[in-house]
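Participant:
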Amino acid sequence: MMARSQLGMPETQEMFVHLSKGMVESKDLLTQADKAIGDGDHGVGMARGFEAVLQKLQGGDFATIGELLKAVGMTLMTSIGGASGAVFGTLFRGGAKQLGDRSIFDAEVLSLLLVDGLDAVKVRGKAKPGDKTMVDALEPAAFKSHELRSAPLDESLAAVTEAARQGMEGTKEIVATIGKAKTLGDRSLGHPDPGAISTYLMLEFMREYVARDA
Ligand code: ADP
Ligand code: MG
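Heads up: the sequence shown is residues 460 to 673, going by the working numbering.
#1: Leucine 573 and alanine 601 - do their beta-carbons sit closer together than 8 Å?
#2: Give every residue whose Cβ lies closer than 5 Å to any heavy atom of the ligand MG, listed in chain order.
#3: Closer than 7 Å to a non-hydrogen atom of the ligand ADP - does that hold for the CB of isoleucine 633?
#4: Can you tell me whether proline 455 sits near the ligand ADP, meaning its C-beta is under 7 Å from at least one heavy atom of the ligand?
#5: Tell me which same chain residues have a C-beta within less than 6 Å of the C-beta of methionine 468, skipping the five on either side of it?
#6: Do you know whose CA, among Ala623, Leu597, His501 and Tyr668, lies nearest alanine 542's CA?
#7: So, with DSSP's three-state summary, where would you put alanine 564?
#8: Do phenylalanine 521 and glutamine 472 have their C-beta atoms within less than 8 Å of each other?
#9: List the DSSP bridge partners of leucine 466.
#10: With C-beta atoms as the reference, is alanine 596 less than 8 Å away from isoleucine 637?
#11: Once DSSP output is grouped into helix, strand and coil, what is the label at methionine 482?
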């Protein structure tokens, strides 16, 4: 038995179902994180968004990865609302850019998803690395995925998830300069950014799915 080095369409869809369930189950953790430095709605928003994604994914099959990612992004955008609806919706919609004709999810697809998704998030939200947002977890993950784009998917995802985790941990040392935590000033120190935690968790749930025996 071995972990998966790439996924076909049904398994890719299953991986996003696994990710969505994980995010729904992370509601309380994300609520606590946003209560510490924001308004406390991040867990509720993400759980509502990924509940809607679950419904969408269970409602039909997708022919390409691009189609699937666009559906995930649109669903998040319309169901979460607020800053994070736009940000996480844009991550998946923007990440779909070059994946319209792909039907195998491998390390190269992961890297196109994360690199194009990061670019789209930066254009839309204008956050730079060091602003204490999800960009601080997403950017190191995207760079690592590009480095490992020719590796087996399970290997790439393990390293990419670790890069995101370190980026998320790093947000504890940053004073927020954007979003709701901005008004806290130094009081945001010591707390990780909630959106960075979500970004790490999404990758962790993908990693977990791919690491299972095929
Ligand atoms: P809100 O800020 O509207 O209450 P949430 O609490 O759901 O929305 O999400 C907050 C998260 O969204 C932050 O932790 C941050 O990671 C992310 N975020 C907010 N604004 C931006 C932005 N301009 N660019 C990137 N990420 C952002
Ligand atoms: Mg909030």
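No residue lacks a Cβ here, since even glycine has one placed at the ideal position from N, Cα and C.
Just so we're clear, the structure is a prediction, and the values are computed from it rather than from any experiment.
Facilitator: Put simply:
#1: Yes, they are a contact pair.
#2: A Cβ closer than 5 Å to some heavy atom of the ligand MG marks a residue here, and those residues are Asp493, Gly497, Asp498, Asp500 and His501.
#3: Answer for isoleucine 633: no, Cβ out of range of the ligand ADP.
#4: Given that the chain is displayed from residue 460 to residue 673, the structure contains no residue 455 and the question cannot be resolved.
#5: A distance below 6 Å between beta-carbons, with the five flanking residues on each side excluded, links methionine 468 to the following residues of its chain, in chain order: Ser562.
#6: That would be His501, whose Cα lies nearest to the Cα of alanine 542.
#7: Looking at the sequence itself, residue 564 is phenylalanine, so the reference to alanine does not match. Under the three-state reduction of DSSP, phenylalanine 564 is assigned to strand.
#8: In contact: phenylalanine 521 and glutamine 472 (Cβ atoms closer than 8 Å).
#9: In DSSP, leucine 466 forms a bridge with Phe564.
#10: No. Outside cutoff.
#11: DSSP places methionine 482 in helix when its eight states are reduced to three.
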